[in-house]
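A.B. asks: Could you have a look at this structure, given as structure tokens, before my questions?
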Amino acid sequence: MQRTSFSQFKCPAARALDSVGDWWSILIVRDAFQGLSRFDEFQKSLGVAPNILTRRLKHLTDQGLFERRLYQQRPARYEYLLTEKGRDFFPVLMALFSWGSRHIPGEDLAFLLSDAASGRARETMLVDARTGERVTPENTSLLAGPAADDEVRARIARMRAWYLGIDA
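All residue numbers for the sequence shown refer to the working numbering, where the first residue is 77 and numbers rise by one.
Below, the structure is given as structure tokens:
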């Protein structure tokens, strides 16, 4: 089945999904944050078919989340290392982890987040980097960006009117 490309969508969330828009890719990136970098390590961790893993690693490399580096000449073996773009995915992964932790029964949780130095449990939340204010649906809206056209501006106006309780 051919996957739909979101590369031409105007929404940053849709465009981001084009880079990591399937569960295998997200789990591969998760494993990379846990120190895995080699094909056989990813395969053992995930139990994914080799052809699927090959395609996902190629896609993540093509999208700039991984750098492919030769670590053995004969036979040729590569490791996959997170790039800056890949490391920038960390907050997204933590948001998914935190959301999952809140909506999975406590007795089913095998992993929790902790502070690396102290080992104390962490609770995550999204905050505005400039103000430290918690970002919520109630205090957040969209602004038109540099590439916004009339359709995008109209959509934002409708959303803002809804947020403010005004008939648009």
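Built from N, CA and C at the ideal position, the CB exists for glycine as well. Since we're looking at a predicted model, the values are computed, not measured.
Start and end of the alpha helix (DSSP H) containing Arg-210?
C.D. replies: Mapped onto the sequence shown, residue 210 falls at position 134. Arg-210 -> no alpha helix (DSSP H), and no H or E assigned at all.
A.B. asks: State the Cα-Cα distance for the pair Ala-197 and Ser-174, rounded to the nearest angstrom.
C.D. replies: Mapped onto the sequence shown, residue 197 falls at position 121. Mapped onto the sequence shown, residue 174 falls at position 98. Cα-Cα distance, rounded: 12 Å.
A.B. asks: Hey, how far is the Cα of Asp-226 from the Cα of Gln-139?
C.D. replies: Counting from 1 along the sequence shown, the entry for residue 226 is found at position 150. Counting from 1 along the sequence shown, the entry for residue 139 is found at position 63. Rounded to the nearest angstrom, the two C-alpha atoms are 29 Å apart.
A.B. asks: Between which two residues does the alpha helix (DSSP H) holding Phe-142 run?
C.D. replies: Taking the sequence shown and counting its residues from 1, the one referred to as residue 142 is at position 66. Careful: Phe-142 lies outside any alpha helix (DSSP H), inside the beta strand (DSSP E) at 142-148.
A.B. asks: Mind listing, in chain order, the continuous alpha helix (DSSP H) runs of no fewer than 4 residues lying wholly within the stretch 91-152?
C.D. replies: 99-109, 115-122 and 126-138
A.B. asks: Helix, strand or coil for Leu-169? Go by DSSP, reduced to three states.
C.D. replies: Position 93 of the sequence shown, counted from the first residue, corresponds to residue 169. If DSSP states are grouped into helix, strand and coil, Leu-169 belongs with the helices.
A.B. asks: How about Ala-220 and Arg-229: are their beta carbons less than 8 Å apart?
C.D. replies: For the purposes of this step, residue 220 is taken as residue 144 along the sequence shown, with counting starting at 1. For the purposes of this step, residue 229 is taken as residue 153 along the sequence shown, with counting starting at 1. Going by C-beta atoms, Ala-220 is nearer than 8 Å to Arg-229.
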